[in-house]
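Asker:
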Amino acid sequence: MSGASARPAPGGGRIDRRAVVSRHDPRVNGTSDGVLSVGNGSFAAGVDRTGTQTLCGPGSAEARLNTMAEWGWHTMPQPPPAPWESLLRPYSSPRGQAAYMDLPGGTEDPGPAEAWFRENPHKVSLLRFALVDAGTGRSPAAADLAGASQHLELWSGTIRSRFRYRGRECTVVTAADPEQAALALRIDAPGLALALSFPYGSAAWDLAADWDRPGAHSTRPEGGVIRRRLDDLAYDVHVHGAGLRAVGAHEVHLVPGGAAADGPLDVALELVPREVPALSLPPEARPTGSAALDGPRAPALVRERSARFWSEHWEGTGVLDLGAADDPRAAELERRAVLSRYVQRVHAAGVLPPAETGLLANSWRGKFHLEMHWWHAAHFAVWGDAASLRRSLDFYGRALPVARATAARQHCRGARWPKQIGPDLHESPSDIGPFLLWQQPHPIHLAELLRRADPESAADPMLQEVVEQTALCLVDLLREDADGLGVGPPLIGAQERHVGDRAALRDASFELAYAAWALRVADRWRHLRSDRGAGELTEIARRIHAPLTDRGELTTFRSGPAMERSDHPSHLLAHGMVPPTGTVPQEAAQRALEDVLAQWDWESTWGWDYPALAMTATRLRRPEQAVDALLLPTPKNRCDAAGHFPQRPGLPAYLPANGGTLLALALMAAGWDEGPDAPGLPPQWGARHEGIRPLPGEER
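For the sequence shown, the UniProt record's numbering gives the first residue as 1, with consecutive numbering after it.
See the structure below:
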């Protein structure tokens, strides 16, 4: 089907969007978990209960309080011990000896060159803004703050924090500009001042700041600007509304001026890149060296722009109203939907695919995982915010030359997409990532969702080229058998088990189903541009093996290793995330779902597995099962007060869980082409939705 429009809310007038959003405003206190953030998708800052970043910094184990921008990448000055190309290894494939990036020693024993390319570049926390005692110059400890409470007003994107310091009431209002890398802080805190401090970059897996190398970088105040350099990264911090006083090599205190000298400090901090190593940034995101804000009204302007942006965002995009239900599961799903929409727009709506922790903290050193990009970004198209998908989808056009080179090394036409990559476009050495296949169809899937939301996008030459080159490589990655087409070897399935068998693995069930569906969609794009090759890809797709064992069961592999009941139950994606193609009978999908729910190692799962289960249940029209799956009470499926899904120590957020929740709820509420409304929600809930598009239906 060419694409379905968003269905109106059944049963009544227009949904009161402000009521739906505002009833889930986070209101937290000093003991609540979760870190609140402000941001715009390309820039974000997390704050503690003071509305600043007071409770972190040198000597602190707190790694969730950062100020990050998409352009804020750093590479250690020491050159790599060996060229990147020297790390490629030959693997036997149906196309002959193919070169793959590899990590023979695994993550426990990487070689020096492999370690260097895994660690560089890494994303950097650009700034710490913290309260300090006006007398001692030291930041208060958590024990010095009493009565802390905080309210994130989602409708305006504003955080209001209250606490007592030495018996005196303090308030801080924090907001971010919707377009610039800029913060506004209004601080009414007797006895406290605001200090800015600056770390070096860290090559650690989960850290964005190194406070122990003061001699490796420079911080230079000049007038109202702080000039920063970390090797290949240079940027300025423009301070609007206060003077500057250097108190250390990398610490600057703000000095109120004029009428503000005896009243609240009202200041805007604007970060402007001068030199950045992020080669894959589009021209409009590259350094300008010029501030966009100016004058004494800069702080107020940021707050006004934030309030206007967020109110228009909530009014102009999709909404799911479950307020008529008296089932507590409905209230929790609605809360997760609202908070996930905020979290994703703050942390994952930029010009690059996001890290799995977004702009909150580093994970995998801030690099992005393209097999996660669908979970990060697909929901934007179905929740009425197609522009946010488009921004990061353009990345594939900029990365096409590198993807073509990878395909050529593997004896394929077209473009071969990597798993883990940074803005330098170097695939990270790994014994897993380069052998994954399921990121390959994602650009086709994302482009199709964008086309359904914005039909004119199908005429974009860049998107057409990305879809075509992705499909050509996918065809060449198929293996010719006597009775059809398969995938691999080499191969690692989405479950990421059997790593030691990567040279021989073949025919992971989800990957078979996804390839067959994606080639049909790419063929539609050929039809739309009247390509002479239209029809060919569908015929190839029909020859791909059905993702079933010889006994007609849906398990991890069509043939080969027995299913391991841990990590991702990825075979369920073949009938859920992947729209039906007629190769997986409903009965086989239902048996597979029941089998997973009955016995699985939930401790080893990840946050997007629960939305995956819910999508399969929804395709099977099992609403109670879909709701229960999306809310399974496991450690990896807990949504904290800020809307994040902590996964484990060092991984305090997991944006694929947020994006997956939104995708699952879209399918549960709006269904699919020519399907029923709300197939995944109990009918007695009286669910209403506006601006949410159905997902693709069956492809034959």
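C-beta atoms are modelled at their ideal positions from N, C-alpha and C, and glycine is treated no differently.
1) By the 10 Å Cβ neighbour count, where 16 or more other Cβ atoms means buried, how is Glu539 classified, buried or exposed?
2) Measure the Cβ-Cβ separation of Trp525 and Ile444 and say whether it is below 9 Å.
3) Tell me the DSSP secondary structure of Tyr91 in three-state form.
4) For Leu244, list the residues DSSP reports as bridge partners.
5) Have a look at Leu131, Phe163, Ala193 and Ser86 and flag the residue whose alpha-carbon is nearest the alpha-carbon of Pro429.
6) Would you report the Cα separation of Val402 and Lys636, rounded to the nearest angstrom?
7) Quick check on the DSSP output: the alpha helix (DSSP H) that includes Asn29 runs from which residue to which?
8) Could you tell me which residues DSSP pairs with Gly486 in its beta bridges?
9) Can you round the beta-carbon distance between Ile159 and Leu320 to whole angstroms, since I take them to be within the 8 Å contact cut?
10) Report buried or exposed for Ala458, applying the criterion of at least 16 other Cβ atoms within 10 angstroms of its Cβ.
11) Beta-carbon separation of Pro547 and Val584 under 9 Å?
12) Quick check: Gly486 and Leu474, are their CB atoms within less than 9 Å of each other?
13) Quick check on this structure: which residue in Ser125, Gly147, Pro79 and Gln97 has the alpha carbon closest to the alpha carbon of Ala115?
14) Please name the residue or residues paired with Arg227 in a DSSP beta bridge.
15) Per DSSP, Val38 forms a beta bridge with which residues?
16) DSSP three-state label for His571, please.
17) Just to confirm before moving on: does the CB-CB distance between Arg506 and Phe435 stay below 9 Å?
18) Residue range of the alpha helix (DSSP H) that Gly215 falls in?
19) Taking three-plus beta-carbon pairs below 8 Å as touching, is the stretch 241-249 in contact with the stretch 159-177?
20) Measuring straight from C-alpha to C-alpha, what distance separates Gly13 and Arg688?
21) Who are His347's beta bridge partners in DSSP?
22) If you reduce the DSSP assignment to three classes, tell me which class Met1 lands in.
23) Determine the extent of the beta strand (DSSP E) in which Tyr396 is found, giving its start and end residues.
24) Which runs of the alpha helix (DSSP H) spanning at least 4 residues fall entirely within the stretch 296-349, listed in chain order?
25) Which partner residues does Asp550 have in the DSSP bridge list?
26) What separation, rounded to the nearest whole angstrom, lies between the Cα atoms of Trp517 and Gly686?
27) For Arg542, which residues in the same chain have their Cβ closer than 6 Å to its Cβ, ignoring the five residues on either side in sequence?
28) Does the stretch 402-419 come close enough to the stretch 453-469 that 3 or more CB-CB pairs lie under 8 Å?
29) Under the assumption that Trp205 contacts Arg365 (Cβ atoms under 8 Å), give the Cβ distance between them as a whole number of angstroms.
30) Can you check whether the CB of Leu554 is closer than 9 Å to the CB of His527?
31) Going by DSSP, which residues form a beta bridge with Phe163?
32) Suppose contacts are defined by Cβ-Cβ distances below 9 Å. Is Ala19 in contact with Gly215 by that definition?
33) Whole angstroms are fine: how far does the CA of Tyr200 sit from the CA of His24?
34) Would you check if there are 3 or more beta carbon pairs closer than 8 Å linking the stretch 662-676 to the stretch 371-390?
35) Using DSSP with H/G/I as helix, E/B as strand and the rest coil, what is Glu448?
36) With Thr618 and Leu667 assumed to form a contact (beta carbons below 8 Å), what rounded beta-carbon distance in angstroms separates them?
Answerer: Inspection of the coordinates gives the following:
1) exposed
2) yes
3) strand
4) Leu254
5) Ser86
6) 35 Å
7) Note, Asn29: premise wrong, no alpha helix (DSSP H); beta strand (DSSP E) at Arg27 to Asn29.
8) Arg479
9) Actually they do not touch by this definition, with Cβ atoms about 24 Å apart.
10) buried
11) yes
12) no
13) Nearest to Ala115 by alpha-carbon distance, out of Ser125, Gly147, Pro79 and Gln97, is Pro79.
14) Paired residues: Arg220 and Asp236.
15) Ala45
16) helix
17) no
18) Run containing Gly215: none; DSSP gives neither H nor E here.
19) no
20) In a straight line, the C-alpha of Gly13 is about 10 Å away from that of Arg688.
21) Bridge partners of His347: none, in fact.
22) In this prediction, Met1 scores a pLDDT of 43, lower than 50, which makes its location untrustworthy; the coordinate-derived value is nonetheless stated afterwards. Here Met1 sits in coil by DSSP.
23) Unbroken run through Tyr396 is the alpha helix (DSSP H), Ala386 to Arg409; no beta strand (DSSP E).
24) 298-316 and 328-347
25) Per DSSP, none; premise fails for Asp550.
26) 33 Å
27) none
28) yes
29) 6 Å
30) no
31) Cys170
32) no
33) 37 Å
34) yes
35) helix
36) 5 Å
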